[in-house]
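Taking it in order: structure first as structure tokens, then the write-up.
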Amino acid sequence: MKSFISILSAFILALVHTGAMAQDQGAITYESRINLYRNIPKDQEAMKDMLPEYRTSRQILTFNEKESLYKPLVDEEDDMAMDATGGGTRMVLRTPQNETYMSTASSRKTSLRKFMGKNYIISDSITIQPWRFSDETKIIQGYTCKKASYTDEKRQQEIVAWYTEQLRPFLGPEAYASLPGTVLEVDVNNSQVITRATKVDLRNLKKNELYEPVKGQQVTEKEYQELVQEQMKKMGDGNGRIIIRN
81 MKSFISILSA FILALVHTGA MAQDQGAITY ESRINLYRNI PKDQEAMKDM
131 LPEYRTSRQI LTFNEKESLY KPLVDEEDDM AMDATGGGTR MVLRTPQNET
181 YMSTASSRKT SLRKFMGKNY IISDSITIQP WRFSDETKII QGYTCKKASY
231 TDEKRQQEIV AWYTEQLRPF LGPEAYASLP GTVLEVDVNN SQVITRATKV
281 DLRNLKKNEL YEPVKGQQVT EKEYQELVQE QMKKMGDGNG RIIIRN
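Per this note's numbering, the sequence shown starts with residue 81, numbered consecutively.
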């Protein structure tokens with residue numbers, strides 16, 4: 081409870097006085113590494129012959145003192161296709177082309193999800209996770225980072241984040257933006273997914289580099305997940321082509 085109150089107090093303080101940060105504008109490049117084998121059910125071990133063990137992708141987080149936009153780097157969609165020997169099964173791995181916009185001024189986030197050729201817009205309030213703080217520190221890209229963690233009960237995930245107070249608060253990749261600093265590394269489920277900053281570029285942003293996604297069908301998170309599940313069921317009856325997304 082004490083940790084939650086500390087985060088909430090810092091969040092309110094950030095809203096009132098975000099302009100006090102000297103280094104409050106720029107772009108951070110991240111690299112995400114996903115262990116694909118960890119997602120394969122035990123009764124489908126043969127899929128390992130058709131997949132690489134890891135997939136990497138890069139994202140960029142642009143930000144100013146009150147807003148941020150996290151998205152894949154331009155032209156980063158790098159589909160990998162592999163044919164199973166003798167079976168003709170084709171597995172296509174696609175880098176999700178999702179975008180996440182956040183505004184500390186309004187305490188809201190807007191997500192753009194691209195699925196089956198359509199754009200979906202999901203608007204929601206910013207969630208403050210129940211972080212547990214640690215005394216551990218390490219250096220990432222020249223910044224001293226502190227460790228925080230929490231358990232996502234809904235997704236059954238253990239999250240470990242490393243954030244620096246040398247950059248603006250409540251900033252980070254995707255939904256990991258509720259700490260009193262900038263998140264430079266996130267570890268999900270003990271290296272199942274690792275997202276780490278590879279470059280921090282403090283600079284003035286170019287025109288249209290930071291924006292809120294607006295083009296797409298407005299849906300709730302629940303509606304979007306139901307839509308995805310329905311489509312995945314249909315794809316299970318396909319013609320030997322399996323698409324894996326995350």
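Note that beta-carbon positions come from the ideal geometry of N, C-alpha and C, so glycine has one too.
For my contact list, residue i and residue j are in at a C-beta cut-off of 8 Å; report their separation, rounded to the angstrom.
| i | j | result |
| --- | --- | --- |
| tyrosine 110 | threonine 275 | 5 Å |
| serine 112 | threonine 136 | 7 Å |
| serine 187 | tryptophan 211 | Wrong, their Cβ atoms sit about 17 Å apart, outside the cutoff. |
| tyrosine 200 | lysine 189 | About 14 Å; that fails the 8 Å criterion. |
| glutamate 238 | asparagine 270 | 7 Å |
Express the C-alpha separation of residue j and residue i in angstroms, rounding to a whole number.
| i | j | result |
| --- | --- | --- |
| lysine 122 | alanine 241 | 29 Å |
| cysteine 225 | threonine 207 | 22 Å |
| serine 214 | glutamine 139 | 27 Å |
| proline 132 | methionine 312 | 22 Å |
| asparagine 115 | tyrosine 243 | 23 Å |
| glutamate 301 | phenylalanine 195 | 13 Å |
| phenylalanine 250 | tyrosine 117 | 32 Å |
| asparagine 284 | glycine 252 | 18 Å |
| arginine 235 | proline 176 | 19 Å |
| asparagine 288 | glutamate 145 | 16 Å |
| glycine 261 | glycine 296 | 31 Å |
Is residue i helix, strand or coil when you go by DSSP?
| i | result |
| --- | --- |
| methionine 101 | Here methionine 101 scores only 44 on pLDDT, less than 50, and its place in the model should not be relied on; the value that follows carries that caveat. Three-state result, methionine 101: coil. |
| alanine 228 | strand |
| arginine 118 | helix |
| tyrosine 304 | helix |
| glutamine 124 | helix |
| glutamine 297 | strand |
| glutamate 133 | coil |
| aspartate 317 | Model confidence at aspartate 317 stands at a pLDDT of 47, short of 50, so the residue's coordinates are unreliable; what they give is reported in the following sentence. Coil at aspartate 317, not helix or strand. |
| glutamate 292 | coil |
| glutamine 237 | strand |
DSSP puts residue i in a beta bridge; with which residues?
| i | result |
| --- | --- |
| phenylalanine 143 | Gly106 and Ser148 |
| aspartate 281 | Ala107 |
| glutamate 179 | Leu192 |
| lysine 218 | Cys225 |
| lysine 198 | Phe195 |
| phenylalanine 213 | Ala228 |
| glutamate 265 | Trp242 and Arg276 |
| serine 203 | Thr190 |
Does any CB atom of chain C fall closer than 9 Å to the CB of residue i?
| i | result |
| --- | --- |
| tryptophan 211 | Note that chain C does not occur in the displayed structure, where there is just one protein chain. |
*Can at least three beta-carbon pairs, one atom from the segment 297 to 314 and one from the segment 269 to 288, be found at a separation below 8 Å?*
Contact between the segment 297 to 314 and the segment 269 to 288 is absent, because fewer than three Cβ pairs lie under 8 Å.
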